Each structure stands twice: as structure tokens, then as C-alpha cells.
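Colleague: Take a look at this one; I'll ask things after.
Number of protein chains: 2
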Amino acid sequence: MSTISRPTSRDVAHEAGVSQSTVSLVLGDKWPGRVSPATARSVRSAAERLGYRPNTAARNLRLGTTRTVLLMVPTLSAPFFGPVYTGAARVAARHGFGVVVSTWPDDPAAHPSGSPTGGPFAAPHEAIDGVLASSLATSSMITSATPGMSGAGTTPVVTLDSGPAGDLVPTVDFGVADGMRAITAHLVGLGHRRVGHVAAAVDQWTFHARADALTAAVAALPGVSVVRDSCAIDVASAKDAATRLLERSDRPTALVCDDDQIAAGAYKAARALGLDVPSDLSVTGFDDVLLATALEPELTTVRLPAEEMGAQGMTALLDLLAGRRPEPRVLPGELIVRGSTAPPPAL
Amino acid sequence: MSTISRPTSRDVAHEAGVSQSTVSLVLGDKWPGRVSPATARSVRSAAERLGYRPNTAARNLRLGTTRTVLLMVPTLSAPFFGPVYTGAARVAARHGFGVVVSTWPDDPAAHPSGSPTGGPFAAPHEAIDGVLASSLATSSMITSATPGMSGAGTTPVVTLDSGPAGDLVPTVDFGVADGMRAITAHLVGLGHRRVGHVAAAVDQWTFHARADALTAAVAALPGVSVVRDSCAIDVASAKDAATRLLERSDRPTALVCDDDQIAAGAYKAARALGLDVPSDLSVTGFDDVLLATALEPELTTVRLPAEEMGAQGMTALLDLLAGRRPEPRVLPGELIVRGSTAPPPAL
DNA sequence: CTGAAAGCGCTTACAG
DNA sequence: CTGAAAGCGCTTACAG
Numbered sequence: 001m002s003t004i005s006r007p008t009s010r011d012v013a014h015e016a017g018v019s020q021s022t023v024s025l026v027l028g029d030k031w032p033g034r035v036s037p038a039t040a041r042s043v044r045s046a047a048e049r050l051g052y053r054p055n056t057a058a059r060n061l062r063l064g065t066t067r068t069v070l071l072m073v074p075t076l077s078a079p080f081f082g083p084v085y086t087g088a089a090r091v092a093a094r095h096g097f098g099v100v101v102s103t104w105p106d107d108p109a110a111h112p113s114g115s116p117t118g119g120p121f122a123a124p125h126e127a128i129d130g131v132l133a134s135s136l137a138t139s140s141m142i143t144s145a146t147p148g149m150s151g152a153g154t155t156p157v158v159t160l161d162s163g164p165a166g167d168l169v170p171t172v173d174f175g176v177a178d179g180m181r182a183i184t185a186h187l188v189g190l191g192h193r194r195v196g197h198v199a200a201a202v203d204q205w206t207f208h209a210r211a212d213a214l215t216a217a218v219a220a221l222p223g224v225s226v227v228r229d230s231c232a233i234d235v236a237s238a239k240d241a242a243t244r245l246l247e248r249s250d251r252p253t254a255l256v257c258d259d260d261q262i263a264a265g266a267y268k269a270a271r272a273l274g275l276d277v278p279s280d281l282s283v284t285g286f287d288d289v290l291l292a293t294a295l296e297p298e299l300t301t302v303r304l305p306a307e308e309m310g311a312q313g314m315t316a317l318l319d320l321l322a323g324r325r326p327e328p329r330v331l332p333g334e335l336i337v338r339g340s341t342a343p344p345p346a347l
Numbered sequence: 001m002s003t004i005s006r007p008t009s010r011d012v013a014h015e016a017g018v019s020q021s022t023v024s025l026v027l028g029d030k031w032p033g034r035v036s037p038a039t040a041r042s043v044r045s046a047a048e049r050l051g052y053r054p055n056t057a058a059r060n061l062r063l064g065t066t067r068t069v070l071l072m073v074p075t076l077s078a079p080f081f082g083p084v085y086t087g088a089a090r091v092a093a094r095h096g097f098g099v100v101v102s103t104w105p106d107d108p109a110a111h112p113s114g115s116p117t118g119g120p121f122a123a124p125h126e127a128i129d130g131v132l133a134s135s136l137a138t139s140s141m142i143t144s145a146t147p148g149m150s151g152a153g154t155t156p157v158v159t160l161d162s163g164p165a166g167d168l169v170p171t172v173d174f175g176v177a178d179g180m181r182a183i184t185a186h187l188v189g190l191g192h193r194r195v196g197h198v199a200a201a202v203d204q205w206t207f208h209a210r211a212d213a214l215t216a217a218v219a220a221l222p223g224v225s226v227v228r229d230s231c232a233i234d235v236a237s238a239k240d241a242a243t244r245l246l247e248r249s250d251r252p253t254a255l256v257c258d259d260d261q262i263a264a265g266a267y268k269a270a271r272a273l274g275l276d277v278p279s280d281l282s283v284t285g286f287d288d289v290l291l292a293t294a295l296e297p298e299l300t301t302v303r304l305p306a307e308e309m310g311a312q313g314m315t316a317l318l319d320l321l322a323g324r325r326p327e328p329r330v331l332p333g334e335l336i337v338r339g340s341t342a343p344p345p346a347l
């Protein structure tokens with residue numbers, strides 16, 4: 001064995017006194033019935049002794065796969081997507097896969113000089129076996145979710161948090177509609193009748209679903225009404241939108257916010273108008289990121305299992321790569337009641 | 001050309017009417033002086049026509065490199081490390097490198113069942129060309145920063161936010177000491193004389209540096225004193241630590257917090273004690289993550305260019321891989337004065 | 001200036 | 001049960 005460079009399967013073969021192909025069979029777990037148990041044992045121990053680890057590039061070249069999947073997210077600067085990656089990478093690693101991340105071309109942080117290629121995707125730096133596409137715009141749904149750089153054929157895709165897709169593609173979604181219904185029930189149970197919705201002006205399935213679910217939930221309840229304004233997902237825009245809602249003559253007594261960051265903006269709007277949260281105004285969020293418990297009072301919100309979504313998405317993609325057709329999955333959100341919601345002020 | 005699978009350099013050669021090696025020379029930009037310009041042009045156009053992209057696995061196998069670097073961070077669930085990754089990946093992509101992320105083994109989210117291998121590192125799923133190691137514990141500094149899984153020889157390492165390392169390893173750090181000095185000067189300029197330090201009880205260089213810098217800055221100013229308490233980096237622990245400081249008989253008029261999340265805990269402690277920020281108590285943070293402007297009042301803090309650190313770290317690692325010895329770099333933080341600091345209350 | 005050939009380290013028929 | 005051999009798609013001496 002050479003001590004300079006890392007050992008190859010030939011080194012292991014030499015050490016064990018067998019041929020290189022036998023090593024490959026044993027270490028690839030294809031040996032039962034083809035190699036004697038004793039030989040298999042000696043190969044394993046030789047490999048261990050030498051600290052052998054197979055060369056990924058060689059295996060990939062031979063097999064025509066990369067054991068790499070691409071996770072596409074809107075941005076990595078938002079607190080929500082780190083955990084999605086973590087979950088996906090954990091499951092991937094268990095199966096010898098790596099995960100590379102790419103942000104959509106319109107994320108200025110990742111593509112300062114503009115996207116080099118056409119289409120909705122930035123070309124990844126290397127070939128990939130599959131794509132995990134998170135938070136797609138409703139319009140770009142399925143067709144464009146198939147990157148064009150794969151030469152011919154189609155790259156297997158699983159969409160995350162992008163809504164149902166029939167049989168076209170496996171999906172993993174959050175139960176956002178149930179989450180919105182839980183928020184509505186909670187607020188109405190507290191006595192609220194005029195609800196404001198501070199909606200994210202972002203063309204993603206999840207936000208359309210949130211708005212639709214709130215509208216539907218309120219419509220089912222006589223005497224309850226909802227007014228809506230929308231904003232970008234940043235605190236300043238959210239504060240402006242919330243202020244517009246709170247300056248209406250029929251001021252809402254509760255503000256349902258499309259995510260936790262927007263809720264932070266609603267807090268600011270309330271304070272600026274001299275309204276106390278929660279005694280004058282109830283506020284709810286969505287996601288349950290760190291921010292939710294950093295705010296004062298702590299935020300009533302719907303917890304979305306981001307890491308679990310990454311993990312389940314990767315599991316589905318692995319199934320797909322193995323030729324199976326994974327069922328659509330929906331991960332339930334959980335209403336977490338904290339200090340930002342209370343009965344509306346007495347009339 | 002086969003329409004089934006993706007084109008290889010042989011397909012391009014056939015299309016251009018040249019040999020495969022000529023294609024390789026041209027596309028690898030090694031042609032000047034060895035291939036005629038006309039031939040080079042025709043190869044390029046053939047490659048373009050076919051949508052040729054070189055097979056990474058084959059190149060890696062031939063060259064013995066992976067064009068993959070490993071970014072090791074404490075956790076991806078904290079808002080700080082997403083941008084570090086983004087910056088590193090951006091520079092890497094420009095040079096045909098990919099970045100895989102791994103968290104230290106003690107991150108429970110990423111390693112639910114414990115770390116399989118010994119040593120301070122979880123083994124990455126594949127071979128790598130280099131390591132970007134962020135936020136090392138002071139004790140584990142250099143020696144353990146060299147993963148043992150690279151067979152023989154050493155894997156090139158650049159440390160981020162882990163302090164100076166002499167000539168042992170290239171480093172990229174933040175100017176945290178200057179940042180602390182700026183905070184101190186700001187507070188003392190406002191009239192504060194009793195400062196509390198809510199320190200992160202985390203064994204990383206950056207936090208030791210923050211504490212030391214604050215101690216030194218205060219020691220240089222007659223009549224100014226500092227008291228210190230420490231906590232884990234979460235809002236609840238920070239609230240407790242801040243409360244202990246604020247219940248002292250010589251209550252500080254300003255709380256210098258080791259990061260923005262800790263500052264959020266300080267806000268809570270203040271509110272619980274009926275103290276207004278900033279009229280009764282000034283609070284400062286560190287990092288300037290999203291949270292800083294979500295809080296009310298918005299937080300005076302030191303902005304740390306996280307994405308820039310990722311980018312510069314990758315640049316340094318690329319230099320190192322090219323055989324150069326990149327100089328240590330220090331990225332200055334910037335004091336951002338917002339609404340959480342004001343003169344101390346009149347006596 | 002151009003091409004034929006070796007070889008990176010694997011996996012997998014195929015022959016014995 | 002075991003081994004010799006082909007070949008994945010590149011890069012780079014080497015020969016012409």
C-alpha cells in the first residue's frame with residue numbers, strides 16, 4: 001500500500017489476496033452467493049485496516065449517476081430554509097447522497113450579476129440526479145420545474161411547499177389551510193369578529209393557500225368579516241400594510257399575518273398607533289421561527305415543521321429515483337398559542 | 001449524436017470533425033499554440049450546438065480532485081450561517097466548485113442519533129478538496145481542524161471567525177474587537193458609566209474576543225465599570241441572565257449583549273422589570289440579523305458581513321488550493337445606531 | 001497543428 | 001466461488 005495517496009480497491013485486493021472485482025462485490029454488498037463468507041470477511045477487514053473509502057468520482061462515472069441532488073429555495077437568507085436543507089441533507093447522507101443548494105435566479109444575494117442561463121433555473125455547477133424544488137410560484141408549477149440542462153430525458157423532481165400537483169410530480173406540503181382554520185377558530189373563539197389579514201404579496205402557492213383558507217373559514221362564520229392588505233415580506237412593508245388596516249374606520253380587532261416576520265411589522269404598527277398587543281389588538285403569525293419567541297409579547301403562530309419537510313422531500317425523491325411513485329404528503333402545522341392573542345377590547 | 005443521453009466530448013469531436021483530444025484541449029482552454037484558431041472555433045460551435053457540458057465525474061476521476069469543498073458550521077438553524085453559505089457558494093460556483101455543508105457533531109438537529117465517527121468532525125459523504133471551518137472552539141483550533149478522513153496528507157483548511165492562527169492556516173475574521181470598542185465608545189459618549197455584559201457562554205473564539213475587548217475598552221476609561229453574566233444563545237436564557245444583572249443594587253444603565261438574540265432576551269427582562277428601552281435602559285446587540293429591526297425599539301448593533309465572510313473565505317481557500325498562501329483577512333463590523341440606545345436616566 | 005493512446009478507480013457482465 | 005476484462009468520459013503526455 002502506498003502511504004502517499006489514498007488506498008484504492010486494488011490496494012484492498014492486494015492486502016486481502018483477492019482480485020479487485022471481488023473487493024468491489026463484497027464492499028458493494030453484492031457478494032452473497034457469489035463470494036464465500038470467509039473471503040468477504042477478509043476483504044472487509046483489509047478495507048478497514050487500510051481505511052479504504054471508495055472513490056466517488058469513479059463510481060459516479062461508471063454508474064452514470066452523481067448521487068447529488070439539487071435543493072432549490074427562494075433564498076437562504078430567510079430563517080426558514082436552513083432547517084429545510086438540514087432535514088434534506090440528513091436523509092441524503094444516510095443514502096450516500098449529497099445536497100447542493102441553489103437559489104432562484106431572482107435572489108439578488110446569490111446572483112449579483114444576473115442569471116447566466118435562460119429559464120427559471122440557474123444552472124447548477126454539476127450534473128445532478130434529482131431536484132427538490134421548494135416554494136414554487138403557482139404559475140411556474142410543473143413544466144418549468146424540469147430543468148433543461150439535463151441533456152435529454154427529465155430530471156426527477158419533487159416539489160416542496162408548492163401545492164398539490166396531481167400525478168405529475170410527488171409533493172410534500174404543509175397543511176396551511178388547516179393552520180389558517182385553526183387560527184380563525186382560535187380568534188373567533190376569543191370573540192373577534194373583525195379580522196384583518198396582512199398578506200404576503202408573494203406569488204407562491206403557500207401564500208395563495210393561506211389567503212384562500214382564511215377567506216373560506218371566515219365566510220363559513222356568520223357575523224365575521226375579513227379585510228385584507230398585502231406587503232412584501234419585510235418588517236417595514238408589513239408595518240405599513242398593518243397601519244393601513246388599523247387606520248380603517250372599522251378597525252379589525254385581530255391581525256392575521258402571513259408569516260412571523262410580517263407579524264413583527266404588525267406589532268410595530270400597533271405600537272406606533274398606541275395600541276397594546278394583545279389587549280387592544282390580537283396578532284398571529286405563521287411558521288414559528290425564532291423571531292416568534294423573541295417578540296414581546298411572544299407570538300401566537302402556526303408551527304411549520306421545516307426540517308421535517310426537507311427530510312420527507314428527500315425521502316420522496318429517493319423513492320422516485322428508485323422507480324417508485326411516492327404518495328403526496330401533507331405535514332400538519334400546529335397552532336401555538338402564546339401571548340399575542342386575547343379577547344377583543346370591550347365595546 | 002445520440003439523442004437519448006447527454007453528449008460527450010466524442011460527440012462534439014464527431015460533430016466538429018476533429019479528434020476527441022482536440023475537443024478537450026479547446027474546451028479546457030489549453031489550445032493556444034497547439035490548435036489552430038479556426039479549429040478551435042469550430043469545436044466551440046459544435047459544443048454549443050450539442051449543448052455539451054463536460055462530465056464532472058470523469059474530470060474529477062482523471063484529475064484526482066472533487067471540486068467540492070466542505071463548509072463546517074455550528075448549526076444551520078441560526079440565522080447567521082445561511083448568508084455565510086450563500087457567499088461561499090457564489091464564489092465557488094464561479095470557479096466550478098460546489099459547496100457541501102456539514103454541522104459540527106454536537107448540533108442535535110443534524111445528528112439525531114449521534115456522530116458515527118470519532119474526532120470532532122462528522123465524515124462527509126464524499127471526498128473533498130478543502131475545508132472552510134467556521135466558528136471553531138478556541139481549544140480545537142488548528143490541529144483538529146484537519147479532518148482525518150483524507151487518507152494521507154492534509155486537507156487544505158481555511159478557518160472563519162475563529163481568530164488569528166499565525167502561519168498555520170489562512171483565516172478570515174470579523175473585527176469584533178473594534179466592534180466592541182465602537183459600542184463602548186457609543187455608550188460612554190451617551191453618558192453611561194455602569195455597563196452590563198450579557199455574554200454568550202459558548203466556547204468560540206468570537207465570544208472570547210468580544211468579552212476581552214469589552215473588558216479592555218472599559219478598563220481604559222476611568223469611572224466606567226462593567227459587570228458580566230453569561231447565558232446560552234437563546235432568548236429565555238438571555239432573559240434570565242439579563243434579569244440577574246438588572247436586579248443588582250448597582251444596576252447597569254446599559255446592557256451590551258453578545259448577539260442580537262441575546263439582546264431580545266434583554267428586552268424581555270427589561271419589560272418584565274418595568275424598565276423602558278431606551279429611556280431606562282440602553283441595549284446593544286451584535287450581528288445585525290433580521291431580528292435587530294424586528295424588535296421594538298429597533299436594536300443598536302454591530303453589523304457583521306456574514307455573506308462577505310463566506311465569499312472571502314472561499315477566495316482564500318481557492319488561493320490555498322492553487323498553492324498560494326493567502327494573507328489573514330479581517331472584515332470590519334459597522335456600528336448601526338438605532339433606537340435602543342439613549343442617555344442614561346437622570347439621577 | 002492534430003490524433004492515438006494511456007489511465008484515473010470503479011461496477012458488472014462474462015468466462016472459467 | 002473467483003478473476004480478467006471492458007468501459008464510463010475525461011486530461012495529458014507522446015508521437016507524428
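Chains A and B, in that order, are what the protein sequence lines are.
Each residue of the first sequence is one higher than the one before, starting from 1 at the first, in full-length UniProt numbering.
Each residue of the second sequence is one higher than the one before, starting from 1 at the first, in full-length UniProt numbering.
No residue lacks a Cβ here, since even glycine has one placed at the ideal position from N, Cα and C.
Owing to the predicted nature of the structure, the values given are computational and were not obtained by experimental measurement.
#1: Pick out whichever of Ser135/B, Trp31/B and Pro156/B has its Cα sitting closest to the Cα of leucine 321/B.
#2: Rounded to whole angstroms, what is the Cα-Cα separation between valine 84/A and serine 102/B?
#3: According to a CB-to-CB cut-off of less than 8 Å, which residues of the segment 76–89 of chain A neighbour chain B?
#4: Can you give me the C-alpha to C-alpha distance between arginine 10/B and arginine 49/B, rounded to a whole angstrom?
#5: From the DSSP output, in three-state form, read off arginine 49/B for me.
#6: Who are residue 390/B's beta bridge partners in DSSP?
#7: Could you please give me the residues that DSSP links to threonine 171/B through a beta bridge?
#8: Specify, as a first and last residue, the run of the beta strand (DSSP E) that leucine 335/A falls within.
#9: Under 7 Å Cβ-Cβ, which residues of chain A neighbour arginine 10/B?
#10: Could you compute how far the alpha carbon of valine 235/A sits from the alpha carbon of tyrosine 267/A?
#11: Let me check understanding here. Comparing Cα to Cα, which of Leu273/B, Pro79/B, Gly310/B and Arg271/B lies closest to aspartate 287/B?
#12: Cβ-heavy atom distance between glutamate 247/B and the ligand ATP below 7 Å?
#13: Quick check on the DSSP output: the alpha helix (DSSP H) that includes arginine 59/B runs from which residue to which?
#14: For lysine 268/B and chain A, any beta-carbon pair shorter than 8 Å?
#15: So with Cβ pairs under 8 Å, would you call alanine 109/B a contact of chain A?
#16: Taking Cβ-Cβ distances below 8 Å as the criterion, which residues of the segment 287–308 of chain B are in contact with chain A?
#17: Below 8 Å on the Cβ atoms is my contact criterion, and I expect glycine 82/A with valine 100/B to pass it. Report the Cβ-Cβ distance as a whole number of Å.
#18: Kindly indicate which residue of Ala254/A, Ser134/A, Thr293/A and Pro222/A has the alpha-carbon position closest to the one of glycine 163/A.
#19: Of all Cβ atoms in chain B, is any one closer than 8 Å to the Cβ of arginine 324/A?
#20: Say whether chain A places a C-beta atom closer than 8 Å to the C-beta of valine 100/B.
#21: What's the gap between the Cα of glutamine 312/B and the Cα of glutamate 327/B?
#22: For arginine 271/A, return the contacting residues in chain B, with the cut-off set at a CB-CB distance below 7 Å.
#23: Considering only their Cβ atoms, is the gap separating alanine 342/B from serine 282/B smaller than 8 Å?
#24: Report yes or no: is there a C-beta of chain B within less than 8 Å of the C-beta of valine 235/A?
#25: Cα separation between threonine 8/A and serine 36/A?
#26: Closer than 8 Å, CB to CB, is alanine 241/B near chain A or not?
#27: Using Cβ-Cβ distances below 7 Å, what residues of the segment 247–266 of chain A are close to chain B?
#28: Between the C-alpha atoms of valine 256/A and leucine 304/A, what's the straight-line distance to the nearest angstrom?
#29: Whole-angstrom Cβ separation of histidine 186/A and leucine 214/A, contact assumed at under 8 Å?
#30: Got a sec, what are the start and stop residues for the alpha helix (DSSP H) glycine 82/A sits in?
#31: Report the start-end ranges of each alpha helix (DSSP H) in the segment 209–268 of chain B that is 4 residues or longer and not cut off at the edges.
#32: Compare the Cα-Cα distances from alanine 137/A to each of Arg53/A, Ala127/A and His208/A and report the closest residue.
#33: Exposed or buried, leucine 245/B, counting other C-beta atoms within 10 Å across all chains shown (16 or more means buried)?
#34: Taking the alpha-carbon positions, what's the glycine 166/A to arginine 325/A distance?
#35: Helix, strand or coil, according to DSSP, for alanine 200/B in the structure here?
#36: Using a 10 Å radius around the Cβ and a threshold of 16 neighbouring Cβ atoms, would you call lysine 30/A buried or exposed?
Modeller: So, to answer that:
#1: Pro156/B
#2: 14 Å
#3: Leu76, Ser77, Ala78, Pro79, Phe81, Gly82, Pro83, Tyr85, Thr86 and Ala89
#4: 14 Å
#5: helix
#6: A query on residue 390/B cannot be resolved here, the shown segment of chain B reaching from 1 to 347 and no further.
#7: Thr159/B
#8: 334–336
#9: Residues of chain A passing the Cβ test: none, with the nearest at roughly 14 Å.
#10: 10 Å
#11: Pro79/B
#12: The ligand ATP is absent from the structure shown, which contains no ligand whatsoever.
#13: 56–63
#14: yes
#15: Residue confidence for alanine 109/B is low, a pLDDT of 46 falling below 50, so the modelled location carries little weight and cannot support an answer.
#16: Leu290, Leu291, Thr293, Ala294, Leu295, Glu296 and Glu307
#17: The pair is not a contact, with the Cβ atoms about 15 Å apart (cut-off 8 Å).
#18: Ser134/A
#19: no
#20: yes
#21: 11 Å
#22: Glu296
#23: yes
#24: yes
#25: 22 Å
#26: no
#27: Gln261 and Ala264
#28: 16 Å
#29: So it is not a contact: roughly 12 Å between Cβ atoms.
#30: 81–94
#31: 235–246
#32: His208/A
#33: buried
#34: 12 Å
#35: strand
#36: exposed
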